[in-house]
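Colleague: I have a structure here, written as structure tokens, and I will follow up with some questions on it.
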Amino acid sequence: IKNAEIALFTHDGNLLAKGKSDNNYGVVYLAHPEVGYCVEEASKTTDITATRQSWKDCYKEQSKWLIDWVRQVRYLDVVFGACRLKKIPVVVSESADPWWLWWVPHPHIGGMPITYFTMSLYFDVVNCLEMRPY
Numbered sequence: 052i053k054n055a056e057i058a059l060f061t062h063d064g065n066l067l068a069k070g071k072s073d074n075n076y077g078v079v080y081l082a083h084p085e086v087g088y089c090v091e092e093a094s095k096t097t098d099i100t101a102t103r104q105s106w107k108d109c110y111k112e113q114s115k116w117l118i119d120w121v122r123q124v125r126y127l128d129v130v131f132g133a134c135r136l137k138k139i140p141v142v143v144s145e146s147a148d149p150w151w152l153w154w155v156p157h158p159h160i161g162g163m164p165i166t167y168f169t170m171s172l173y174f175d176v177v178n179c180l181e182m183r184p185y
């Protein structure tokens, strides 16, 4: 969903994180309570070296923060346009398999463990409905 706001909650309704999706691809970015959105932070300067360092610093903080709570996510609220959906059940998938990064040169490959978390959600944006995947 493009240009949406989300909130992630525990099973008993405690807020874990807030985020928003971009208007280009619908990718969700989470807001760290101190460093904010890494994409926005990194884009605040035109100096490529400063941008790269800003991204690395923010990514490091986001990663430490996210690992503390992401496995507790059970529900999601989402707002897009005039649509507001509340307490949508979600399942977070976890993987440490870096197969899809094998071709990309990354400084963290070859020693630093990386864990990936995914959630797939389906919505009928016209009728403001949660959808179930086939």
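Once you know that position 59 of the sequence shown is 110 in the numbering used here, the rest is easy, because the numbers rise by one and skip nothing. The C-beta atom is built at its ideal place from N, Cα and C for all residues, glycine as well. Please read all numbers here as calculations on a predicted model, not as lab measurements.
#1: Let me know if His83 comes out buried or exposed under the rule of 16 or more other beta-carbons within 10 Å of its beta-carbon.
#2: Once the 5 residues before and after Val143 are set aside, which same chain residues still bring their CB inside 7 Å of it?
#3: With a 10 Å radius around its C-beta and 16 neighbouring C-beta atoms as the bar for buried, classify Leu66 as buried or exposed.
#4: At 4 residues or longer, what runs of the alpha helix (DSSP H) sit wholly inside the region 76-121?
#5: Measuring CB to CB, does Phe131 end up less than 8 Å from Ala68?
#6: Count the other CB atoms, across all protein chains shown, that sit within 10 Å of the CB of Leu59; report buried if there are 16 or more and exposed otherwise.
#7: Which class does Val155 belong to by DSSP, given the choice of helix, strand or coil?
Modeller: A quick look at the data gives this:
#1: buried
#2: Val121, Arg122, Val124, Phe168, Met170
#3: Leu66 comes out exposed.
#4: 89-93, 99-120
#5: No, Cβ-Cβ distance for Phe131 and Ala68 is not below 8 Å.
#6: buried
#7: Note that Val155 scores a pLDDT of 47, beneath 50, so its modelled location is shaky; the value from the coordinates is reported in the next line. Coil.
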